[in-house]
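Novice: Here it is, the structure, as structure tokens.
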Amino acid sequence: MSGTFVGMPAFPKNAAKAVQNSQLRFNLRKATHTIRGKRAAVVGELDDWAELREAGKAIKDHTLRNLDRYLLQMEEKVTEAGGTVHWARDAAEANRIVARLVKETGETEVVKVKSMATMEIGLNEALAEEGIEAFETDLAELIVQLGDDFPSHILVPAIHRNRAEIRELFLKKMAGAPKDLTDEPRALAEAARLYLRQRFLEAKVAISGANFMIAETGTLVVLESEGNGRMCLTLPKTLISVVGIEKLLPAWQDLEVFLQLLPRSSTGERMNPYTSMWTGATEGQEFHLVLLDNGRTSVLADKVGRQALRCIRCSACLNVCPVYERAGGHSYGSVYPGPIGAILTPQLRGMDTPLDRSLPYASSLCGACYEVCPVAIDIPSVLVDLRGKARHPRTEKAGMAAAGWVFNRSKRLAKAQRFGGRMRRLVPKRLPGPLSGWTDTRDLPDIPAESFRDWWVREGGADGRRPAVPPVGNLPQESRKK
Amino acid sequence: MRVALFITCVNDTLFPGTGKAAVGLLRRLGVDVEFPLAQTCCGQMHLNTGYRDEAVKLANRFTETFAGYDAVVAPSGSCAAMVREQYPHLDIEDIPKVYDLSEFLVDVLKVTDVGAYFPHKVTYHPTCHSLRGLKVGDRPTDLLKMVRGLELVPLPGAEECCGFGGTFAVKNRDVSAAMCADKIGNVMKTGAEVLCAADNSCLLHIGGTLRRQKSGVRVLHLAEILASTEESAE
Ligand code: SF4
């Protein structure tokens, strides 16, 4: 994955800082709760949402199981339709291919459709090193680019910015921004529109990703809201699309499912304003498809983790995540933040850095993400599985081993409880070491003098048979009815 | 029907009152509940912290301990969810039938009026694993609504996680505390005297913060409210 976040500290450290930023928390809360509400409303309209979700999951699983076959079919169909297919094993290879293709056109500027895959591989930076300037044309992506900033949300990369900040940024960084620019959304959009219009008219090369690829016909599909993507996809002479290999769908018919799942989950709309589809190259134009692996095949090899490849990047899981809402997107140190990032990044990048190792723990396992995911990715289960694969701190390992030893014999547990009961007055109000994380903001409960099991035995309760104390009689019949 | 109580390690050690209340309540409803002393922990903490092998050992131990029971009742949504939802992922066989207390009352005993009396203003936090893991739905609030004297007030943002999450509360203390602060803000808005939930782990976290802030709001497990009667009322 892209090197842009390299060297960031572990998630808890980043999050601790973000939590203190009240403006950020306010922006994020407002934005995520608004989209969350819209999503819930439009999803609630469909009686067959559960079936759609099941279908989405099944289609993706089927495709992933037969990925080899569908990829070759895709290549064949695109080639037939006049496009050229390139295979990229990793980010470096993909970047090399794209840079070469751009250079072959003789251009030094490209316009870009919002794309997660090109962010993932750090394409803009790689092109810059080759003397090629890439202009983001999605409004939010443009804001991130102008601010030399990192994206913090999949759908709304500049979700951490408010209007006033955007206005300042435009005035400072955007060529031709009117001096009297206000922070009205309309005025900001108009300024960006004028700026981008020029880019569209001048651009000879465009770079995109894709939401879906249809193997049956070799068609690529992009869903968007602004129409800027459509401009890039149609005007320039050369189009280069970088697409993760998991974006495949077998057939046109499958779009019936995904064109319902994606907009409703993503922007909370019944249908997105612009859906562009293209197959190969139109006359007089050139089309290149770069199929990107970059760690995906190794994710596919993992029995539990592979479900992450079903993801359609709708960002519904981000919008409901209580941790994302408070920690913000940057804390995840990846272009994929939130719950999906917490399971995807460590799988794509490995868990060699403190940051990547901390990601599977960036969740309270509340399950809100799984509940909204339109392709039913059981994110909590993948998180737990990844935790099992991560290297554990030594003190924690010792603690867990000790707890396991105690729990493996009930007599040991009883002894430990009695010891705790006797020591209960000695427990300090503030705990030392890592456990101070508990007592920094919370009181400890009073430790009882007697555990439940000791009470049971003292009361004459036998071991797993009839308790000596007789039951206290039945309730009158009428009150037992529902 | 042979019914066993799975008290859970946290309740056994820190909240025996919840266990006593569950036993009292079940006996009052005519259930001769048993307590196999060999029980310890379901393995949730180990699994969720990334110690799968240890968790599998404890899961197997659990399954052996409760073999032969028709129903195992646990006064903890997350431990019940661990057994029901996670054990199959751990390839555990012959998993005993585990119910959260409210499920057992409503689905097995088919009661919602358990004859309880609790004259206080109460708000209910559904807890994530009861809500999204077990999907207990309205069962707990249906039970609370039938308690005489009890005024149930809705909790704003009820479905949002309180930020406990086991070791999450320690590993990501800042985010956890921020989540809890928002939960408590919502609890305070209700004006309730008591915050009720069906999981003492979440209550340990929320209650510990409420106490630190000297808020005056008490936390109580669902079992303890349902076990209260006119005679036991303060
Ligand atoms: S994991 Fe699911 S909810 Fe999250 S972005 Fe992907 S498809 Fe959407």
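Chains P and S, in that order, give the protein sequences. Heads up: take any position in the first sequence, counting from 1, add 44, and you land on this note's numbering. Heads up: take any position in the second sequence, counting from 1, add 685, and you land on this note's numbering. Just so you know, even glycine gets a beta-carbon here, dropped at the ideal spot from N, CA and C. Just so you know, these numbers come straight off a predicted model, no measurement behind them.
Under 8 Å: do the segment 319-337 of chain P and the segment 272-292 of chain P share three or more Cβ pairs, one atom per stretch?
Specialist: Touching, yes, given that three or more Cβ pairs across the two stretches are closer than 8 Å.
Novice: For aspartate 717 of chain S, collect the residues of the same chain with a Cβ closer than 8 Å to its Cβ; drop the 5 residues on either side in sequence, then sort them by chain order.
Specialist: Locating residue 717 of chain S in the second sequence gives position 32, counting from the first residue. Closer than 8 Å at Cβ, skipping near neighbours: Val688.
Novice: Do you know offhand how far cysteine 358 of chain P's Cα is from alanine 458 of chain P's?
Specialist: Counting from 1 along the first sequence, the entry for residue 358 of chain P is found at position 314. Counting from 1 along the first sequence, the entry for residue 458 of chain P is found at position 414. In a straight line, the C-alpha of cysteine 358 of chain P is about 49 Å away from that of alanine 458 of chain P.
Novice: Would DSSP call arginine 833 of chain S helix, strand or coil?
Specialist: Taking the second sequence and counting its residues from 1, one reaches residue 833 of chain S at position 148. Strand at arginine 833 of chain S.
Novice: Given this structure, state the Cα-to-Cα distance separating isoleucine 251 of chain P from leucine 183 of chain P, to the nearest angstrom.
Specialist: Walking along the first sequence from the start, residue 251 of chain P turns up at place 207. Walking along the first sequence from the start, residue 183 of chain P turns up at place 139. Near 16 Å, if we compare the C-alpha coordinates of leucine 183 of chain P and isoleucine 251 of chain P.
Novice: Near leucine 819 of chain S, what residues of its chain come up, given a Cβ to Cβ distance below 8 Å and the 5 sequence neighbours on each side ignored?
Specialist: As a first step, residue 819 of chain S is located in the second sequence; it is residue number 134 there, counting from the start. Gly762, Ala765, Ala766, Arg769, Glu770, Asp785, Glu788.
Novice: Would the segment 292-311 of chain P and the segment 232-239 of chain P be scored as touching if the rule is three or more Cβ pairs under 8 Å?
Specialist: No, the segment 292-311 of chain P is not in contact with the segment 232-239 of chain P.
Novice: Does serine 523 of chain P come within less than 8 Å of chain S when only Cβ atoms are used?
Specialist: Within the first sequence, residue 523 of chain P is the residue found at index 479, counting from 1. At serine 523 of chain P the pLDDT is 34, less than 50, meaning the model places this residue with poor confidence and gives no usable figure here.
Novice: Terminal residues of the continuous beta strand (DSSP E) containing alanine 756 of chain S?
Specialist: In the second sequence, residue 756 of chain S corresponds to position 71, counting from 1. 756-759 is the span of the beta strand (DSSP E), which, as asked, contains alanine 756 of chain S.
Novice: Helix or strand or just coil, what does DSSP make of glutamate 180 of chain P?
Specialist: Mapped onto the first sequence, residue 180 of chain P falls at position 136. Here glutamate 180 of chain P sits in strand by DSSP.
Novice: Could you check whether the Cβ of proline 701 of chain S sits closer than 8 Å to any Cβ belonging to chain P?
Specialist: The residue you call residue 701 of chain S lines up with position 16 of the second sequence. With 8 Å as the cut-off, proline 701 of chain S counts as an interface residue toward chain P.
Novice: Ligand 1 and alanine 360 of chain P: does the residue's C-beta get closer than 7 Å to at least one heavy atom of that ligand?
Specialist: Taking the first residue of the first sequence as position 1, residue 360 of chain P is located at position 316. Because some heavy atom of ligand 1 lies under 7 Å away, the Cβ of alanine 360 of chain P counts as near it: yes.
Novice: Compare the beta carbon distance of leucine 706 of chain S and alanine 912 of chain S with 8 Å and say whether it is the shorter of the two.
Specialist: Sequence index remark: in the second sequence, residue 706 of chain S carries index 21 (1-based). Sequence index remark: in the second sequence, residue 912 of chain S carries index 227 (1-based). Checking the sequence shown, residue 706 of chain S turns out to be alanine, not leucine. Going by C-beta atoms, alanine 706 of chain S is nearer than 8 Å to alanine 912 of chain S.
Novice: Based on the DSSP output, what are the partners of glutamate 268 of chain P in its beta bridges?
Specialist: Along the first sequence, one-based indexing puts residue 268 of chain P at 224. DSSP, once it has assigned bridges, lists P/Tyr318 as partnering glutamate 268 of chain P.
Novice: Would the beta-carbon of leucine 68 of chain P fall within 8 Å of that of alanine 62 of chain P?
Specialist: In the first sequence, counting from the first residue as 1, residue 68 of chain P sits at position 24. In the first sequence, counting from the first residue as 1, residue 62 of chain P sits at position 18. Yes.
Novice: Using a Cβ-Cβ cutoff of less than 7 Å, which residues in the same chain neighbour glycine 220 of chain P once the five nearest sequence positions on both sides are dropped?
Specialist: Here the question's residue 220 of chain P lines up with position 176 in the first sequence. For glycine 220 of chain P, where only same-chain residues beyond five positions count, the Cβ hits under 7 Å are Leu238, Tyr239.
Novice: Where do the N-terminal and C-terminal ends of the alpha helix (DSSP H) with isoleucine 780 of chain S fall, by residue?
Specialist: Numbered from its first residue, the second sequence carries residue 780 of chain S at position 95. Here isoleucine 780 of chain S belongs to no alpha helix (DSSP H), and DSSP marks it neither H nor E.
Novice: Checking 8 Å against the spacing of the C-beta atoms, do tryptophan 500 of chain P and phenylalanine 720 of chain S come in under that value?
Specialist: Counting from one through the first sequence, the residue named residue 500 of chain P turns up at place 456. Counting from one through the second sequence, the residue named residue 720 of chain S turns up at place 35. Cβ distance < 8 Å, so tryptophan 500 of chain P and phenylalanine 720 of chain S count as in contact.
Novice: Could you list which residues in chain P have their beta carbon closer than 8 Å to that of tyrosine 802 of chain S, in chain order?
Specialist: Walking along the second sequence from the start, residue 802 of chain S turns up at place 117. Correct list: empty, because the minimum Cβ distance to chain P is about 12 Å.
Novice: Tell me, which residues are paired with cysteine 881 of chain S by DSSP?
Specialist: For the purposes of this step, residue 881 of chain S is identified with residue 196 of the second sequence, where counting begins at 1. Answer by DSSP bridge pairing, in chain order: S/Tyr809, S/Leu905.
Novice: Taking Cβ positions only, does histidine 906 of chain S come closer than 8 Å to chain P?
Specialist: One-based indexing of the second sequence puts residue 906 of chain S at position 221. With 8 Å as the cut-off, histidine 906 of chain S does not count as an interface residue toward chain P.
Novice: Following a CB-centred definition, is cysteine 355 of chain P positioned closer than 7 Å to any heavy atom of ligand 1?
Specialist: Against the first sequence, residue 355 of chain P aligns to sequence position 311. Yes, the Cβ of cysteine 355 of chain P comes within 7 Å of a heavy atom of ligand 1.
Novice: My understanding is that tyrosine 527 of chain P touches leucine 409 of chain P, with C-beta atoms under 8 Å, so please give their C-beta distance in whole angstroms.
Specialist: The question about residue 527 of chain P has no answer here: the residues shown for chain P are numbered 45 through 526.
Novice: If you count every other CB in all the chains shown that lies within 10 Å of the CB of glutamate 268 of chain P, and 16 or more means buried, which is it?
Specialist: Residue mapping note: residue 268 of chain P aligns to position 224 of the first sequence, counting from 1. It counts as buried.
Novice: Answer yes or no: do valine 832 of chain S and threonine 808 of chain S have a C-beta to C-beta separation smaller than 8 Å?
Specialist: Reading the second sequence from its first residue, position 147 is the one you call residue 832 of chain S. Reading the second sequence from its first residue, position 123 is the one you call residue 808 of chain S. No, these two residues do not count as a Cβ contact at 8 Å.
Novice: By the DSSP assignment, the alpha helix (DSSP H) with isoleucine 569 of chain P in it spans what residues?
Specialist: Beyond the ends of chain P as shown, which are 45 and 526, falls residue 569 of chain P; an answer cannot be given.
Novice: List, in order along the chain, the chain P residues whose C-beta lies closer than 7 Å to that of isoleucine 692 of chain S?
Specialist: Here residue 692 of chain S corresponds to residue number 7 of the second sequence, with the count starting at 1. What isoleucine 692 of chain S touches in chain P: Phe496.
Novice: Count the other CB atoms within 10 Å of the CB of leucine 479 of chain P; is the residue buried (16 or more) or exposed (fewer)?
Specialist: In the first sequence, counting from the first residue as 1, residue 479 of chain P sits at position 435. Result: exposed.
Novice: If contact means a Cβ-Cβ distance below 8 Å, which residues of the segment 873-907 of chain S contact chain P?
Specialist: Flagged, chain order: Leu889, His890, Gly892, Gly893, Thr894, Arg896, Arg897.
Novice: Given this structure, state the Cα-to-Cα distance separating phenylalanine 256 of chain P from glycine 271 of chain P, to the nearest angstrom.
Specialist: What you label residue 256 of chain P is simply residue 212 of the first sequence in a count that begins at 1. What you label residue 271 of chain P is simply residue 227 of the first sequence in a count that begins at 1. Rounded to whole angstroms, phenylalanine 256 of chain P to glycine 271 of chain P spans 18 Å at the Cα level.
Novice: At 3 residues or longer, and completely inside the segment 359-442 of chain P: list those beta strand (DSSP E) runs for me, N to C.
Specialist: Counting whole runs of 3 or more residues, the segment 359-442 of chain P contains no beta strand (DSSP E) stretch at all.
Novice: Between the C-alpha atoms of proline 476 of chain P and leucine 470 of chain P, what's the straight-line distance to the nearest angstrom?
Specialist: The count along the first sequence starts at 1 and reaches residue 476 of chain P at position 432. The count along the first sequence starts at 1 and reaches residue 470 of chain P at position 426. Looking at the two C-alpha atoms, the distance is approximately 14 Å.
Novice: Rounded to whole angstroms, what is the Cα-Cα separation between serine 495 of chain P and proline 418 of chain P?
Specialist: In the first sequence, counting from the first residue as 1, residue 495 of chain P sits at position 451. In the first sequence, counting from the first residue as 1, residue 418 of chain P sits at position 374. Taking the straight line from one Cα to the other gives about 45 Å.
Novice: For the beta strand (DSSP E) holding leucine 690 of chain S, just list the boundary residues, first then last.
Specialist: Sequence index remark: in the second sequence, residue 690 of chain S carries index 5 (1-based). 688-690 is the extent of the beta strand (DSSP E) around leucine 690 of chain S.
Novice: From P/Thr107, P/Ser378, P/Val157, P/Thr128, pick the residue whose C-alpha is nearest to that of proline 280 of chain P; which is it?
Specialist: Stepping through the first sequence from its first residue, residue 280 of chain P is reached at position 236. The shortest C-alpha separation from proline 280 of chain P is found at P/Val157.
Novice: Output yes if chain P places a C-beta closer than 8 Å to the C-beta of glycine 822 of chain S; else output no.
Specialist: For the purposes of this step, residue 822 of chain S is taken as the residue at position 137 of the second sequence. No, its Cβ sits nowhere closer than 8 Å to a Cβ of chain P.
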